[in-house]
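Enquirer: The structure's right below; bear with me while I get my questions together.
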Amino acid sequence: MADILFKNGFFLPNDGTLRKGSMRISGGKIRDLSKSARPKPKDRVVDLSGRLVIPGFVQTHIHLCQTLFRNLADDLALLDWLKTKIWPMEAAHTEQSLYASARLGIAELLAGGTTTILDMGTVRHTDAIFTAMEEMGIRGFSGKCLMDDPATFRGLRESTSTALKENRLLADRWHGAAKGRLGYAPAPRFLLSCTNQLMKALQEEAAHRKCLVHSHSSENREEVAAVRKRYGKENIEAFQQLGFANGQLVLAHCIWLSENEKQILAEAKIKVAHCPGSNLKLASGIAPVPELMKRGIHLSLGADGAPCNNRLSAFSEMRLASLIQKPLHGPTAMEAKNVFEMATLGGAKALGLEEMVGRLQPGFAADFVVIDAATPGWNLLLQEGHPNPVYSGLVFGGGVEAVEETWVNGRLVYNKGRYPGLSTDQMHKSALRQLSSLLRRAGLSA
Ligand SMILES: [Zn+2]
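Per the working numbering, residue 1327 is the first one in the sequence shown, and the count goes up by one each step.
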């Protein structure tokens, strides 16, 4: 395939600079970023005048299986939200409804410039999520949600052996699939949904496969109290006792933490996925992010699921991540540049992909986003060597409306409202059909 030469654009490589020039991609990778590049005879040349190119966003906590449930579970706190709405709806998923939900979520993520995700599946039909990810071209990880505790929701509960067996088969099938674009990350939902027996076996499996493990922790005070009652310990201490305190573990939320837990997070290099939008909507709390950063704890961003946000936009999460800390820690807390890095490189590091994504750099994957700097509400000042107004625009003022194109692995996966090989009209109609039959099966109404 011919090289593609993007010229006359402004590039934010994520190294503290803003450069005007051109970028050459081929074979799925960025080959060159330079002031001016002469086209070769077979090049396809794309003019990016008035456009800003940024690395794709990496969101480290997403539930594609819940996209269908958007706008159907408001004004509840975590445990009631799960028990009365989310778990019954997840339990009612068929392979077809899960596929529809995943496609809808991926479409939204790509349209908002997110190119890599860490997704948490539901208990059944996980193949449907991977199939949608494979077809639509997003990069990332998903994994079966593990729920075997006798006290957990009946409609999703599995036996320990069934859960572990399916987990192994899925890992064999999907880890490294789509030429390495997809990976498998098992997801023990949270400590309260899993038996110690399952966690022990999973720990051995994860150590053997060297894969990520994706879970929730310390999100809500009721959940923290229930964990304390069951384990006689705090969440992170219990994860440590079970053998999970290492750099493979990605924990969403981490709001309610003791001093000892913060120390374990830092020492064990556990990755924290900060989800400010979800934490506000479920009234869970405000994670002590500036303190965690100061202690060297690794942070990235995620929108969580559509019903607790209700957006899957990296722009929204960046804005909230900064704004919610300012009344608590003063106006200089969470400056735009650091927040943008958290949403890109931070995510890449959390997923062990920091040599591949999160930057625009020769040798890195061609995962990037083209932004129209003249979109109303943006009026982005593009001036070589002055990246600060661009960081400000992206974090405080920006929204998905300015995203024109999203590229993953050198492939155009989103282009001005369209997805290659997919009718958006058909996707939406099928999602609505699937949702109404899912609600009937769940015995719920809209
Ligand atoms: Zn979540």
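Backbone N, C-alpha and C fix where the C-beta goes; we use that ideal spot for every residue, glycine too. None of these values were measured; they are calculated from a predicted model.
#1: Can you name the start and end residues of the beta strand (DSSP E) that Met1349 belongs to?
#2: With distances taken from CA atoms, which of Ala1477, Val1615, Ala1433, Ala1511 is nearest Thr1521?
#3: Among Ala1328, Met1349, Leu1331, Met1327, whose alpha-carbon lies nearest the alpha-carbon of Phe1273?
#4: Between Thr1343 and Pro1688, how many whole angstroms is the CB-CB distance? I'm expecting something under 8 Å.
#5: CA-CA distance, Ser1584 and His1600?
#6: How about Ala1578: is its Cβ closer than 7 Å to a heavy atom in ligand 1?
#7: Hey, Leu1758 and Ala1418: beta-carbon distance below 8 Å or not?
#8: Using a Cβ-Cβ cut-off of 8 Å (strictly less than) and excluding sequence neighbours within five positions of Leu1402, which residues of its own chain qualify?
#9: Within 7 Å: the Cβ of Gly1631 and any heavy atom of ligand 1?
#10: Specify, as a first and last residue, the run of the alpha helix (DSSP H) that Asn1664 falls within.
#11: Quick one, are the C-beta atoms of Phe1666 and Val1726 less than 8 Å apart?
#12: Provide the residue span of the beta strand (DSSP E) that contains Thr1840, from first to last.
#13: From Phe1467 to Thr1448, what distance separates their C-alpha atoms?
#14: Just confirm the distance between the C-beta atoms of Leu1538 and Ala1511, as a whole number of angstroms; I'd bet it's less than 8 Å.
#15: Helix, strand or coil for His1542? Go by DSSP, reduced to three states.
#16: Anyone know if the C-beta pair for Leu1627 and Met1668 falls short of 8 Å?
#17: Examine ligand 1 and report whether any of its heavy atoms sits within less than 7 Å of the Cβ of His1540.
#18: What distance in whole Å lies between the Cβ atoms of Thr1393 and Leu1430, which are believed to be in contact at a cut-off of 8 Å?
#19: So Val1739 packs on Gly1463, CB below 8 Å; how close in whole Å?
#20: For Arg1507, I'd like the list of residues in its chain whose CB is within less than 7 Å of its CB, leaving aside the five on either flank, ordered along the chain.
#21: Taking Phe1516 as the reference, give the member of Ala1328, Leu1568, Leu1707 with the closest Cα.
#22: Helix, strand or coil: which one does DSSP assign to Gln1385?
#23: Is Ser1375 helix, strand or coil by DSSP?
#24: Per DSSP, what are the beta-bridge partners of His1579 in this structure?
#25: Give a yes or no on whether the C-beta atoms belonging to Glu1710 and Arg1345 are separated by under 8 Å.
#26: Tell me, please, whether the region 1436-1446 touches the region 1380-1387 by the rule of three or more beta-carbon pairs shorter than 8 Å.
#27: What do you reckon, is the C-beta of His1389 under 7 Å from a heavy atom of ligand 1?
#28: Can you tell me whether Asp1630 is helix, strand or coil according to DSSP?
#29: Can you check which of these residues, Asp1453, Ser1771, Gln1589, is closest to Arg1621 by C-alpha distance?
#30: Nearer than 7 Å: is that true of the beta carbon of Met1446 relative to any heavy atom of ligand 1?
#31: Just to confirm the assignment, what range does the alpha helix (DSSP H) spanning Trp1413 have?
#32: Taking the alpha-carbon of Asp1630 as reference, which of Lys1555, Ser1639, Ile1356 has the nearest alpha-carbon?
#33: Using a Cβ-Cβ cut-off of 7 Å (strictly less than) and excluding sequence neighbours within five positions of Glu1492, which residues of its own chain qualify?
#34: Let me make sure I understand the geometry here. Which of Leu1404, Val1716, Ala1458, Arg1535 has the alpha-carbon closest to that of Ala1552?
#35: Whose C-alpha, out of Lys1663, Leu1575, Val1696, is nearest the C-alpha of Gly1678?
#36: Take Ala1700 and list the residues in its own chain whose beta-carbon comes closer than 7 Å to its own, dropping the five residues that flank it on each side.
Expert: If we stick to the structure as given:
#1: 1345-1352
#2: Ala1477
#3: For the chain, the structure presents residues 1327 to 1772; residue 1273 sits outside this window and is missing.
#4: At roughly 15 Å, the Cβ-Cβ gap does not stay under 8 Å, so Thr1343 and Pro1688 are not in contact.
#5: 17 Å
#6: yes
#7: no
#8: Thr1410, Lys1411, Leu1608
#9: yes
#10: 1662-1667
#11: no
#12: Since the first and last residues shown for the chain are 1327 and 1772, residue 1840 lies out of range.
#13: 14 Å
#14: 4 Å
#15: strand
#16: yes
#17: no
#18: 5 Å
#19: 4 Å
#20: Arg1465, Asn1735
#21: Leu1568
#22: strand
#23: coil
#24: Ser1543
#25: yes
#26: yes
#27: yes
#28: strand
#29: Gln1589
#30: yes
#31: 1413-1417
#32: Ser1639
#33: Lys1470
#34: Leu1404
#35: Leu1575
#36: Gly1376
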